[in-house]
Amino acid sequence: MPSLYFGLFLFALGAVILLNADLGLSAWGVLQIGMMNIIDISFGQTTQVIGLAVLIFGWALGFPPGFGTVSNMLFIGYFIDIIIGWGIVPAYDNLVLQLIQLVVGMAMIGVASYFYLRPKLGAGPRDGLMIGLVQKLDREVSVVRAGIEVSVLVVGIALGGPVGIGTVITALSTGYFVQLAFKLGKYDRNAKHMNFYELVKYLSGK
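Offset between the sequence shown (1-based) and our numbering: plus 318.
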């Protein structure tokens, strides 16, 4: 359980670092800002709204949510708004420092993905979709993740979300950081995650 929430907080921190790098948001970030153009909600709240939509979509495709899935949907957005409110992540005007922030943010998201997936309590809504497609298509995490993020990027641009060089870099590179974290942590990409029904059965000893 500590691994799950540590991973969720780390993911939120990585997202804010990417936001403050100001080189162009990640694909999901572009979509979130696009949503903020039409709905008066915070950056963290857009994370929750999108997470809920993806969770429902994944469930409809046969990927039922787990405890970790719902925790991801609720807490990453909550942590993002807290971190932004604290003002602990700096913003730089220096391109070199901005690029460093970009790399650190992507690496942090990769490590965070490992930590919150490790308990096998259900992947986050987005990663549940990613893992399901990895298993179904039998392709590398990096390939599937890049495909998802490029698709999300197109929708975000259509909603008026901002795009920069960082957008392209994160769309094509974040998957490799996730894959590296999985490899270093020896995480099995085919690992079976417990959904809520399976968790209740396990805890009840049935």
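In this text, a Cβ means the ideal position worked out from N, Cα and C, and glycines have one as well.
| Asked | Found |
| --- | --- |
| Inter-residue CB distance, F514 and F385 (contact presumed, cutoff 8 Å) | 7 Å |
| Alpha helix (DSSP H) segment containing S522, residue limits | F514 to S522 |
| Short Cβ contact (8 Å threshold) for T387 with G446 | yes |
| Contacts around G362, its chain only, beta-carbon distance under 7 Å, and the 5 residues preceding and following it disregarded | G395, Y396, I398 and D399 |
| Distance between V518 and P408 (C-alpha atoms, nearest Å) | 43 Å |
| The segment 498-508 contacting the segment 464-474, beta-carbon criterion three pairs below 8 Å | no |
| Whole-number beta carbon distance between T485 and G332, since they are thought to touch under 8 Å | The Cβ separation is near 15 Å, so there is no contact. |
| Contact check, F329 vs A430, beta carbons under 8 Å | yes |
| Cβ contact check for the segment 418-425 and the segment 353-362: 3 or more pairs under 8 Å | no |
| Simplified DSSP assignment, three categories, for E458 | coil |
| DSSP three-state assignment for R463, whether helix, strand or coil | helix |
| Residue ranges of each beta strand (DSSP E) within the segment 398-431, 3 or longer | none |
| Whole-angstrom distance between G403 and N390, CA atom to CA atom | 20 Å |
| Cβ neighbour criterion (16 or more within 10 Å) applied to R463 | buried |
| Cβ-Cβ separation, L322 to P443 (assumed contact under 8 Å), whole Å | Contact doesn't hold; Cβ gap of about 14 Å is too wide. |
| Spatially closest choice to A345 from G479, S522, I401 and Q497, by CA coordinates | G479 |
| Inter-residue CB distance, G450 and G376 (contact presumed, cutoff 8 Å) | 7 Å |
| Close beta carbons around F327, own chain, < 7 Å, minus the five adjacent residues each side | F397 |
| Residue range of the unbroken alpha helix (DSSP H) whose run includes G343 | Checking the sequence, you will find Leu at residue 343 rather than Gly. Here L343 belongs to no alpha helix (DSSP H), and DSSP marks it neither H nor E. |
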